[in-house]
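> Residue numbers for the sequence shown follow our numbering, so the first one is 48 and each next one is one higher.
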Amino acid sequence: MKKTFRLACASCLLAIVSMPAQAERADREKPVQLEADRMSIDDLNKVQVLEGNVILIQGTLQILTNRLVVTQDADGFQKGTATGGANGLARFKQKRDGKDDYVEGEAERIDYDARAEKSEFFNRAWVKSGLDEVRGAYISYDALNEKYLVTTGSGASKSATGAAQARVRAIIQPRSKNENPAAPKGDPLTLKPAQSGK
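1) Looking at the unbroken beta strand (DSSP E) that takes in glutamine 220, where does it start and where does it end?
2) List the residues that DSSP assigns as beta-bridge partners of glycine 152.
3) Which residues share a DSSP beta bridge with threonine 199?
4) Roughly how many whole angstroms lie between the Cα atoms of isoleucine 102 and glutamate 76?
5) Relative to the C-alpha of arginine 182, which candidate in Glu193, Asp189, Leu191 and Thr198 has its C-alpha closest?
6) Return the chain-ordered list of same chain residues with a C-beta closer than 8 Å to the C-beta of proline 78, the five sequence neighbours on each side being excluded.
7) Starting from valine 79 and walking both ways along the beta strand (DSSP E), at which residues does that stretch end?
8) Residue range of the beta strand (DSSP E) that asparagine 89 falls in?
9) Closest to threonine 128 by C-alpha separation, out of Ala137, Asp120, Ile219 and Asp122, would be which residue?
10) Taking 6 Å as the limit between beta carbons, can you name the residues of its chain near arginine 156, skipping five residues before and five after?
11) Beta strand (DSSP E) containing asparagine 100: first to last residue?
12) Out of Asp90, Leu91, Asn92 and Asn100, state which residue places its alpha-carbon closest to the alpha-carbon of leucine 81.
13) Thinking C-alpha only, which one of Arg214, Pro221, Val215 and Asn192 is nearest glutamate 164?
14) Is asparagine 113 helix, strand or coil when you go by DSSP?
15) So what's alanine 133 in DSSP terms, helix, strand or just coil?
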């Protein structure tokens, strides 16, 4: 049982630890702490399911969700899916490697594919890296090619405030060769829903 539990913890970690934007490398060497109301393990089919107030912590990585499902393919690559949580959103937060800031995000569903090194955020998706942030109905991050794709659901999805979200929103801070990118010049902007005109 102890061996199986450790394998489940390692699988959960490997499936989720490589979230967007150069996560803290030292986290991979830290122990995984898991809490949930229930955990089931299917060794034959390589499926682990954690349910009910799931908390995964490893170093600076934190995942808060209602349900975490991790599967492993024949080659040993993992896929993880986190769904639900507070206000219906799965959340993650992790320190960026070599930086004093964090990457954080939330969505109704967060998928990670270790083989493709791709993270996907579905419905009410939001990802923030330092002072940069993007929001849309769907966010995809391809770590191999360092590319983001952000789309919207044609106004059908709702923002956190309940307003229809008809457009993708982003705030990208300027970068200068001579200045520290972590040191903002003024107050940072935050994403807000567009004001409807009358």
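C-beta atoms are modelled at their ideal positions from N, C-alpha and C, and glycine is treated no differently.
Taking the coordinates as given:
1) Along the sequence shown, read from residue 1 onward, the residue named residue 220 stands at position 173. Segment: none, glutamine 220 is in no beta strand (DSSP E) and carries neither H nor E.
2) Here residue 152 refers to the residue found at position 105 of the sequence shown. In DSSP, glycine 152 forms a bridge with Phe139 and Val174.
3) Locating residue 199 in the sequence shown gives position 152, where the first residue counts as 1. DSSP lists no partner for threonine 199.
4) Here residue 102 corresponds to residue number 55 of the sequence shown, with the count starting at 1. Here residue 76 corresponds to residue number 29 of the sequence shown, with the count starting at 1. If you take the alpha carbons of isoleucine 102 and glutamate 76, they lie about 18 Å apart.
5) By 1-based counting over the sequence shown, the position of residue 182 is 135. Measuring from the Cα of arginine 182, the nearest candidate turns out to be Thr198.
6) Sequence index remark: in the sequence shown, residue 78 carries index 31 (1-based). Within the same chain, proline 78 has close Cβ partners Gln105.
7) Stepping through the sequence shown from its first residue, residue 79 is reached at position 32. From DSSP, valine 79 is part of no beta strand (DSSP E); its letter is neither H nor E.
8) Taking the sequence shown and counting its residues from 1, one reaches residue 89 at position 42. According to the sequence as given, residue 89 is aspartate; it is not asparagine. Unbroken beta strand (DSSP E) run through aspartate 89: 85-89.
9) Walking along the sequence shown from the start, residue 128 turns up at place 81. Of Ala137, Asp120, Ile219 and Asp122, the residue nearest in Cα terms is Ala137.
10) In the sequence shown, counting from the first residue as 1, residue 156 sits at position 109. Hits under 6 Å: Thr130 and Phe169.
11) Position 53 of the sequence shown holds residue 100. It spans 94-105 - the beta strand (DSSP E) in which asparagine 100 sits, taken as one unbroken run.
12) The residue labelled residue 81 in the question sits at position 34 within the sequence shown. The option with the nearest alpha carbon to leucine 81 is Asn100.
13) In the sequence shown, counting from the first residue as 1, residue 164 sits at position 117. With distances taken between Cα atoms, glutamate 164 lies closest to Asn192.
14) Numbered from 1 along the sequence shown, position 66 holds the residue referred to as residue 113. It is a strand residue.
15) In the sequence shown, counting from the first residue as 1, residue 133 sits at position 86. Here alanine 133 sits in helix by DSSP.
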